[in-house]
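The numbering of the sequence shown is this note's numbering, which starts it at 0 and goes up by one. No residue lacks a Cβ here, since even glycine has one placed at the ideal position from N, Cα and C. Single-structure report; data block below.
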Amino acid sequence: MLHPLANGIGGMSLVASIHQQTWETNEIFGSVKFKTLFGKEQLVGNSPIAIGYAALDSSGILDMHTHDDAEFYFCTRGSANIVIDGTSYAVASGSVIFIPGKAPHVVYAGADGFEFLYGFPWSVGF
């Protein structure tokens, strides 16, 4: 028997592929490129969380920013120095980072670049 949500919620797929998405950028966030897997505005009301995949080239920067809700990063490739609320953390592939809500944070990719899965509660206009 299939789970009642096996065909998605309100037309939203429950499975997304990084390989089927195109890279996006936003100058507000610096040189990071990202793929939004769940939580795009056109899915209003269908996805309670935003999940995406981001990449920084060698020595790239995800500029300092804040948001009301907590966020997580799961590092999949490379290394980085992440500053969260003034404290610096060296991270590499396999690291998981929790960023509290309202905490200013910035990511400085290492020489080998940095890629990570991220997620946070989705909200309109983020």
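Query	Result
Whole-angstrom distance between serine 92 and aspartate 111, CA atom to CA atom	11 Å
Integer Cβ distance of phenylalanine 73 from valine 95, believed to fall under 8 Å	5 Å
Cβ distance (whole Å) where tyrosine 69 is taken to contact glycine 109 below 8 Å	Rather than tyrosine, the amino acid found at residue 69 in this sequence is alanine. Their Cβ separation, rounded to whole angstroms, is 25 Å, which puts alanine 69 and glycine 109 out of contact at 8 Å.
Residue from Ala79, Ala54, Asp67, Ser78 with nearest C-alpha to alanine 102	Asp67
Rounded straight-line distance, which links the Cα of alanine 15 to that of valine 43	At valine 43, the pLDDT of 44 sits below 50, so the modelled position is not reliable; the number obtained from the coordinates is stated separately. When rounded, the distance between both Cα atoms is 17 Å.
Supposed contact pair threonine 65 and glutamate 114 - C-beta distance, whole angstroms, cut 8 Å	22 Å between Cβ atoms; not a contact.
Distance between beta carbons of phenylalanine 71 and alanine 53, contact taken as under 8 Å	Actually they are not in contact, since the Cβ atoms of alanine 53 and phenylalanine 71 sit about 12 Å apart, beyond 8 Å.
Own chain partners of valine 31 with C-beta closer than 6 Å, once the 5 adjacent residues on each side are dropped	Ala53, Leu55, Leu61
6 Å CB neighbourhood of methionine 63 in its chain, flanking five on each side removed	Pro103, Val105
Range of the contiguous beta strand (DSSP E) that encloses glycine 77	70-83
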